[in-house]
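Working notes, structure below.
In the numbering used here, the protein residues as written are 394 to 493.
Listed below in structure tokens is the structure:
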């Protein structure tokens, strides 16, 4: 959960979002997770974050430009590794089969 400008955001993932991320980034998400022991590249973290970001109230997807701005702000405030952890934890929650 992230709060920016008095709005609460969460990440939500599904199969279609993961397929889209893999297609746009040109990598297998499972391969990236296993090859780097869970530490994803900046680009992959950003792409996953932007594709999965929704407003908590109403689960409204955040538009790409706004999601990128939120990502950049959170990277500066919380650090890339904390966002990496948040993305992976949410992937495990929503898409647990990727980790079995």
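Ideal Cβ positions, reconstructed from N, Cα and C, are used throughout, including at glycine.
{"Item": "How many whole angstroms separate the CB atoms of residue 479 and residue 433, which I take to be in contact at a CB cut-off of 8 Å?", "Value": "Incorrect: roughly 11 Å between the Cβ atoms, too far for contact."}
{"Item": "On the DSSP letters alone, give me the boundaries of the alpha helix (DSSP H) that residue 442 sits inside.", "Value": "435 to 445"}
{"Item": "Are residue 467 and residue 397 closer than 9 Å when you measure CB to CB?", "Value": "yes"}
{"Item": "Compute the distance between the beta-carbons of residue 443 and residue 425, then report whether it is under 9 Å.", "Value": "no"}
{"Item": "Between residue 414 and chain B, is the shortest Cβ-Cβ distance under 9 Å, so that the two count as touching?", "Value": "The displayed structure is made up of one protein chain only, and chain B is not part of it."}
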